[in-house]
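Residue 10 is where the sequence shown starts when you use my numbering, and the numbers rise one by one after that.
Backbone N, C-alpha and C define an ideal beta-carbon position, used for all residues, glycine too.
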Amino acid sequence: MRAFHSRPGSKFAKKGIDYYNDYLGQSETAISLFFGKENMKKWLNLMSSWQGGKSVSKVAVAINPRPFIMKYPFAPGNEFKKKVTSLMNSLTFYFDIDGMVTGSLKMKENLKRYSLIIIPEDMATGLDKKSYSLYFSYVKKGGKLLIINTSVSTGREDLTQLKDKTEELCGINIKGKNLPGYLSIKSTLSSLALPEKKFWAETSRIEAKKAEVLVKGKYTDTPLLTRYKLGKGEVFFSAIGFNPEIASYFASIVKSAVSLPIVLEESKGMRILEATRKGNKVCIPLWGKGSAKLKIDTALIGLRGKRFQVKDIVTGRIIKDNVSSKTLSSGISVEIKYLNQPYILAIGREKDLEIYQGIYPSEEVFRELGKMERRIENPEVPIIVPSGEGIKVGVYHRSSGAGSIIKVLKKEKMRVFSLPRIDPESLSYPDVVVISNCGSSYKFFNQAIEDIRRFVKNGGGILLLHDAVGYRRHKPAFPEIGKGTTNPKLDTVKVIKEHPVTKGLKKGETFIHGYADHIAIEKGSEGDVLVVDERGYPVVVIGRIGKGKVVLNGMLTGRASKVKGSYVGVDREPTGGELKLLINAVKWLGEKERR
Numbered sequence: 010m011r012a013f014h015s016r017p018g019s020k021f022a023k024k025g026i027d028y029y030n031d032y033l034g035q036s037e038t039a040i041s042l043f044f045g046k047e048n049m050k051k052w053l054n055l056m057s058s059w060q061g062g063k064s065v066s067k068v069a070v071a072i073n074p075r076p077f078i079m080k081y082p083f084a085p086g087n088e089f090k091k092k093v094t095s096l097m098n099s100l101t102f103y104f105d106i107d108g109m110v111t112g113s114l115k116m117k118e119n120l121k122r123y124s125l126i127i128i129p130e131d132m133a134t135g136l137d138k139k140s141y142s143l144y145f146s147y148v149k150k151g152g153k154l155l156i157i158n159t160s161v162s163t164g165r166e167d168l169t170q171l172k173d174k175t176e177e178l179c180g181i182n183i184k185g186k187n188l189p190g191y192l193s194i195k196s197t198l199s200s201l202a203l204p205e206k207k208f209w210a211e212t213s214r215i216e217a218k219k220a221e222v223l224v225k226g227k228y229t230d231t232p233l234l235t236r237y238k239l240g241k242g243e244v245f246f247s248a249i250g251f252n253p254e255i256a257s258y259f260a261s262i263v264k265s266a267v268s269l270p271i272v273l274e275e276s277k278g279m280r281i282l283e284a285t286r287k288g289n290k291v292c293i294p295l296w297g298k299g300s301a302k303l304k305i306d307t308a309l310i311g312l313r314g315k316r317f318q319v320k321d322i323v324t325g326r327i328i329k330d331n332v333s334s335k336t337l338s339s340g341i342s343v344e345i346k347y348l349n350q351p352y353i354l355a356i357g358r359e360k361d362l363e364i365y366q367g368i369y370p371s372e373e374v375f376r377e378l379g380k381m382e383r384r385i386e387n388p389e390v391p392i393i394v395p396s397g398e399g400i401k402v403g404v405y406h407r408s409s410g411a412g413s414i415i416k417v418l419k420k421e422k423m424r425v426f427s428l429p430r431i432d433p434e435s436l437s438y439p440d441v442v443v444i445s446n447c448g449s450s451y452k453f454f455n456q457a458i459e460d461i462r463r464f465v466k467n468g469g470g471i472l473l474l475h476d477a478v479g480y481r482r483h484k485p486a487f488p489e490i491g492k493g494t495t496n497p498k499l500d501t502v503k504v505i506k507e508h509p510v511t512k513g514l515k516k517g518e519t520f521i522h523g524y525a526d527h528i529a530i531e532k533g534s535e536g537d538v539l540v541v542d543e544r545g546y547p548v549v550v551i552g553r554i555g556k557g558k559v560v561l562n563g564m565l566t567g568r569a570s571k572v573k574g575s576y577v578g579v580d581r582e583p584t585g586g587e588l589k590l591l592i593n594a595v596k597w598l599g600e601k602e603r604r
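Right, dumping it as structure tokens:
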């Protein structure tokens, strides 16, 4: 790849420019460890040796995507992260877990693989009749469900013709939602890990018609976790919505309900990815710097034999040799020493693991992997500031729509120039810096955040656009002002406050921006919202840090949809309200405060 992108005529075929380092922002350590023909060959061989294997997880999180999207049409991703992604990520600190799609063609077959299905909030609404019937039959035959703070209903995918099934499946009635607040809980079950302190939660008011109450409010005695026996199986209903703060509580519900083949205890930063059994061996990928006790039930996994070997197949190091099933079920200590270190354990008989001699000589090769290797981007490119008077505005060259932004600001008699890099030296030239979505070059933005903050604290002004407000791979540079939370496909915004940044736009005035979406911003404690979208999400948030000023604008100013509503964009100068916001923001950021 390096040879290809360094060929004559390539845009990267210049001294000091490297495709991996300077364009993708990869460190030399990462390149030497994971890139190149030989490294790729070794990793592909390792992966292919486990192809055809099967997941050993006994628990799956089930989603019902279409009704969920219909319920949250403008920002489904944000709600999905809160109700599903955070749940799955949090539970991987405790045990192996799979995902499952309700209503899939293989749903009946998939249900047979699991002892317990977790249905997150809003994922039991609008089930098709066949899916509901499969869940009902699954429980009757001995399966278990954990339904989290959501009603169960059948109906159309557009959420019409809904028929409530909560009492039939769960043995409880939902009377309504409570206002979110702090909660303390109690239970007579010693197997549940109850939070010692009160915690913030969203809850439902429920009536336990036929179900047994397992957990109550500590001071109110209101039912918060119930168990309903249905046929040979059970349905657990949590009236407490999930949040990562009480992940150990939800994990304990699962562990008390079913036997698990792989469990992490005393985890200090370690998590389990999907474990796979192939033949008489199992592969367990672990990740996250830290340590834990790993418990493995070989019989539940389906491994034959009484004694096994545990090997790190990334390095070939034997962790435990000739170890008994009893010892494995009691737990063995595991540790990942270095940040981003790949750590994959295989458990099987010694002869089955002989083929895994390791890709690297030892874990010490990963020592430098987690350390930030600061790359100076385009060190050979000079910064040329136009002569004359006016605000000096540096537009980061990797910003989406940088060319259009520069053209617009030049018309305003500003001294506008391209910033080929973001570092202390380059930030000494402008009064105001403009950075938009950096695409695949986000690492250069992320590594410069401390420099950017120092620039603002010392009196500089910065305008961050679209993802650069702190969304997706762009880290929040000013979380106290705000950060991105989702990107709704909306293009109409409204001014809600008069300010120099909104000069020429009346309070309550709406306008349409050029691109199909924008980044909705979660306001920080020091932020002030000036513009919102039609759903009420903040789009423009301003604030002050030290002697300087910040404008977070979720619009992709300088780019526009090729066809209205399309994510295919083209560079285009902003117009109307979007243009006014850009010009006003830069002028306000460039004004020196009078003392």
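Residue range of the unbroken beta strand (DSSP E) whose run includes residue i
i, result
"Leu233", "232-239"
"Leu154", "153-157"
"Pro395", "Pro395 -> no beta strand (DSSP E), and no H or E assigned at all."
"Cys292", "290-296"
Inter-residue spacing [alpha-carbon to alpha-carbon] between residue i and residue j
i, j, result
"Cys447", "Ser146", "50 angstroms"
"Val72", "Ile551", "According to the sequence displayed, residue 72 carries Ile and not Val. Each residue's Cα considered, the two are about 37 angstroms apart."
"Asp137", "Lys195", "36 angstroms"
"Val93", "Asn252", "10 angstroms"
"Phe259", "Tyr103", "10 angstroms"
"Lys225", "Thr212", "12 angstroms"
"His475", "Lys498", "13 angstroms"
"Tyr352", "Leu192", "38 angstroms"
"His527", "Leu565", "7 angstroms"
"Ser333", "Lys320", "14 angstroms"
"Gly297", "Glu166", "38 angstroms"
"Lys571", "Val443", "23 angstroms"
"Gly25", "Met97", "Note that Gly25 scores 44 on pLDDT, short of 50, meaning its location in the model is unreliable and no value can be drawn from it."
"Ala594", "Leu473", "10 angstroms"
"His522", "Trp59", "49 angstroms"
"Pro91", "Glu130", "Reading off the sequence, residue 91 comes out as Lys, not Pro. The alpha-carbon atoms of Lys91 and Glu130 are separated by roughly 10 angstroms."
"Arg16", "Leu295", "With a pLDDT of 49 at Arg16, under the threshold of 50, the modelled position of that residue is not reliable, and no figure is offered here."
"Gly585", "Lys63", "56 angstroms"
"Lys290", "Ala355", "7 angstroms"
"Leu143", "Phe83", "30 angstroms"
"Ile215", "Leu223", "13 angstroms"
"Tyr480", "Lys558", "20 angstroms"
"Ile310", "Ala217", "36 angstroms"
"Ser338", "Ala301", "14 angstroms"
Cβ separation of residue i and residue j, assumed to be a contact under 8 angstroms, to the nearest whole Å
i, j, result
"Asn87", "Thr336", "No, Asn87 and Thr336 are not in contact; Cβ-Cβ is about 45 angstroms, not under 8 angstroms."
"His406", "Ser427", "5 angstroms"
"Lys492", "Val478", "7 angstroms"
"Ser413", "Asp537", "Ser413 to Asp537, Cβ: 27 angstroms. No contact."
"Leu418", "Gly379", "That belief does not hold up - the Cβ atoms of Leu418 and Gly379 are roughly 39 angstroms apart, past 8 angstroms."
"Ala525", "Ser445", "15 angstroms between Cβ atoms; not a contact."
For residue i, the first and last residue of its enclosing alpha helix (DSSP H)
i, result
"Leu474", "That residue, Leu474, is in no alpha helix (DSSP H); its beta strand (DSSP E) goes 470-474."
"Phe453", "451-456"
"Val595", "585-599"
"Ser265", "256-266"
"Val148", "138-149"
"Gly86", "85-89"
"Trp52", "46-57"
"Met116", "116-120"
"Ala308", "307-310"
Residue from the options whose Cα sits closest to the Cα of residue i
i, options, result
"Asn562", "Trp597, Arg316, Arg581, Ala529", "Ala529"
"Gly599", "Val510, Glu205, Ile341, Pro583", "Val510"
"Lys346", "Glu377, Gly152, Val404, Gly340", "Glu377"
"Ile128", "Leu178, Lys150, Ile40", "Leu178"
"Glu587", "Lys227, Lys90, Asp500, Ala284", "Asp500"
"Ile554", "Phe520, Thr584, Arg544, Phe464", "Phe464"
"Lys241", "Lys287, Gly340, Thr169, Ser124", "Ser124"
"His508", "Lys589, Gly180, Gly479", "Lys589"
"Ala248", "Leu171, Lys315, Lys186", "Lys186"
"Lys360", "Met132, Asn331, Leu53, Val343", "Asn331"
"Glu118", "Ser140, Ser36, Thr101", "Ser140"
"Ile281", "Met56, Gly135, Glu344", "Glu344"
Is it true that the stretch 313-326 meets the stretch 368-388, where meeting means three or more beta-carbon pairs spaced less than 8 angstroms apart? Yes: at least three Cβ pairs fall under 8 angstroms.
Does the contact criterion of 3 or more C-beta pairs under 8 angstroms hold for the stretch 207-222 versus the stretch 264-283? Proximity of the stretch 207-222 to the stretch 264-283 falls short of the contact definition, fewer than three beta-carbon pairs being nearer than 8 angstroms.
Can you confirm whether the stretch 267-278 touches the stretch 236-245 when touching is taken to mean that 3 or more C-beta pairs between the two stretches lie within less than 8 angstroms? With a cut-off of 8 angstroms, the stretch 267-278 and the stretch 236-245 do not count as touching, because too few Cβ pairs lie within range.
Would you be able to state if there are at least three C-beta pairs under 8 angstroms between the stretch 161-175 and the stretch 66-83? Using a Cβ-Cβ distance cut-off of 8 angstroms, the stretch 66-83 and the stretch 161-175 are in contact, since at least three pairs of beta carbons, one from each stretch, lie closer than that value.
Using a Cβ distance threshold of 8 angstroms, determine whether the stretch 417-431 contacts the stretch 379-398, with at least three qualifying pairs required. Contact between the stretch 417-431 and the stretch 379-398 is established, with three or more Cβ pairs separated by less than 8 angstroms.
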